[in-house]
Amino acid sequence: MEHAWVYLQTTVHDWEADVIAGLLETNNIPVLRKYPGNSGVAKIYLGSAFGVELYVPANQLELARTLLLQVQQNTEKE
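Numbering of the sequence shown is given in my numbering, commencing with residue 84 and proceeding in unit increments.
Below is the structure:
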């Protein structure tokens, strides 16, 4: 099934993208990563100097935002 992908957010580091993608994928929301400013080869050697853009299917954008907001609110309570 083809998805219309929409921008969710940009993270600074790959590990942040891993955490967010893990949360979303656990909730059956696929995640697409884009590395702006880096070709695939440059990313291997230099890392993601320009951050990692995360995209989700358009029909799951609101659910993804809600999940991330819930995690943020729970973290702030701690």
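We put the beta carbon where it would ideally sit given N, CA and C, even for glycine.
Ends of the beta strand (DSSP E) at residue i?
i, result
"Q143", "It is not in any beta strand (DSSP E) - Q143 carries neither H nor E in the DSSP assignment."
"V89", "88-94"
What is the rounded straight-line gap between the Cα of residue i and the Cα of residue j?
i, j, result
"L151", "A87", "20 Å"
"K117", "K160", "32 Å"
"W98", "E136", "13 Å"
What does residue i pair with, by DSSP beta-bridge criteria?
i, result
"E136", "T93, K117"
Around the C-beta of residue i, are 16 or more other C-beta atoms found within 10 angstroms, so that it is buried, or is it exposed?
i, result
"Y50", "Nothing can be reported for residue 50: it is not among the residues displayed for the chain, which extend from 84 to 161."
"T94", "buried"
Would you check whether the ligand SAM has a heavy atom nearer than 7 Å to the C-beta of residue i?
i, result
"D97", "You won't find the ligand SAM in this model; it holds no ligand whatsoever."
Looking at C-alpha atoms only, which residue of the options is the closest neighbour of residue i?
i, options, result
"A147", "G134, F133, L106", "L106"
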